[in-house]
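Peer 1: Let me begin by handing over the structure; questions about it come next.
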Amino acid sequence: MKAQAVTNKLSRILNRNNIFTNLNPTENRSLRVSNTIGVIKYDEIRQVIDTLGKINYTFRVEHSESDYKTFFNLILQEKEGYSSVKLLKYVMTEEFAQLYNQNLKLDNFRGIVSSEVIVSDMPCN
Numbered sequence: 000m001k002a003q004a005v006t007n008k009l010s011r012i013l014n015r016n017n018i019f020t021n022l023n024p025t026e027n028r029s030l031r032v033s034n035t036i037g038v039i040k041y042d043e044i045r046q047v048i049d050t051l052g053k054i055n056y057t058f059r060v061e062h063s064e065s066d067y068k069t070f071f072n073l074i075l076q077e078k079e080g081y082s083s084v085k086l087l088k089y090v091m092t093e094e095f096a097q098l099y100n101q102n103l104k105l106d107n108f109r110g111i112v113s114s115e116v117i118v119s120d121m122p123c124n
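Take 0 as the starting number for the sequence shown in numbering that gives the first Met the number 0 and just add one per residue.
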């Protein structure tokens with residue numbers, strides 16, 4: 000799926016669930032979402048298909064809590080016609096943050112990852 004189509008889909012899902020979005024292509028290719036989520040950067044979307052066939056799209060998020068060791072991603076997941084949107088928060092250890100800021104690699108991530116479901120229509124398993 001092309002980046003614009005994925006972004007439009009994400010915007011439709013969020014709007015359908017009364018989560019305000021404002022697509023502004025002149026503003027550095029970003030999607031502003033409610034103040035609690037932040038600004039989604041859609042110029043760098045990563046697609047990952049896991050071993051169970053789930054398709055995930057990852058968006059970088061500019062969040063008010065982001066700093067040199069904390070960053071956020073929004074995950075759009077699709078499977079069998081259902082979708083889920085989650086906000087992931089990554090907090091690196093001080094030691095790992097120093098390494099990351101030198102080489103910008105997340106290999107062997109050390110820290111805490113937390114997840115918040117923003118919206119989901121996936122049935123429970």
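Ideal placement from N, C-alpha and C gives every residue a C-beta, glycine not left out. These figures come from a predicted structure and were not determined experimentally.
Can we say the stretch 83–92 touches the stretch 104–118, given the rule of at least three CB pairs closer than 8 Å?
Peer 2: They touch, by the three-pair rule.
Peer 1: List the residues that DSSP assigns as beta-bridge partners of residue 110.
Peer 2: Counting from 1 along the sequence shown, the entry for residue 110 is found at position 111. Looking at the DSSP assignment, residue 110 forms a beta bridge with 91.
Peer 1: Helix, strand or coil: which one does DSSP assign to residue 53?
Peer 2: For this step, residue 53 is matched to residue 54 along the sequence shown. Residue state, collapsed to three classes: coil.
Peer 1: Distance, Cα to Cα, residue 85 vs residue 15?
Peer 2: On the sequence shown, position 86 is the one that residue 85 refers to. On the sequence shown, position 16 is the one that residue 15 refers to. If you take the alpha carbons of residue 85 and residue 15, they lie about 15 Å apart.
Peer 1: For the alpha helix (DSSP H) containing residue 7, list its first residue and its last residue.
Peer 2: The sequence position of residue 7 within the sequence shown is 8, counting from 1. Note, residue 7: alpha helix (DSSP H), 2–15.
Peer 1: Might you give, ordered along the chain, the residues of its own chain that have their beta carbon closer than 6 Å to the beta carbon of residue 115, omitting 5 neighbours on each side?
Peer 2: For this step, residue 115 is matched to residue 116 along the sequence shown. So the qualifying residues of the chain are 86.
Peer 1: Identify the continuous beta strand (DSSP E) that holds residue 41 and give its terminal residues.
Peer 2: Position 42 of the sequence shown, counted from the start, is the residue given in the question as residue 41. First-last of the beta strand (DSSP E) with residue 41: 37–48.
Peer 1: DSSP has residue 72 in a bridge; who is on the other side?
Peer 2: For the purposes of this step, residue 72 is identified with residue 73 of the sequence shown, where counting begins at 1. Its beta-bridge partners are 59, 87.
Peer 1: Helix, strand or coil for residue 99? Go by DSSP, reduced to three states.
Peer 2: Your numbering for residue 99 matches position 100 in the sequence shown. Helix.
Peer 1: Look at the alpha carbon of residue 46 and the alpha carbon of residue 36, and state the distance between them as a whole number of angstroms.
Peer 2: Within the sequence shown, numbered from 1, the residue matching residue 46 stands at position 47. Within the sequence shown, numbered from 1, the residue matching residue 36 stands at position 37. Each residue's Cα considered, the two are about 21 Å apart.
Peer 1: Bridge partners of residue 66, per DSSP?
Peer 2: On the sequence shown, residue 66 is found 67 positions in, with the first residue counted as 1. Residue 66 is bridged to 69.
Peer 1: What's the call for residue 77, buried or exposed, on a 16-neighbour Cβ count within 10 Å?
Peer 2: The residue labelled residue 77 in the question sits at position 78 within the sequence shown. Buried: at least 16 other Cβ atoms inside 10 Å.
Peer 1: Roughly how many angstroms separate the alpha carbons of residue 4 and residue 122, rounded to a whole number?
Peer 2: Position 5 of the sequence shown, counting from 1, holds the residue named residue 4. Position 123 of the sequence shown, counting from 1, holds the residue named residue 122. Whole-angstrom Cα-Cα distance: 24 Å.
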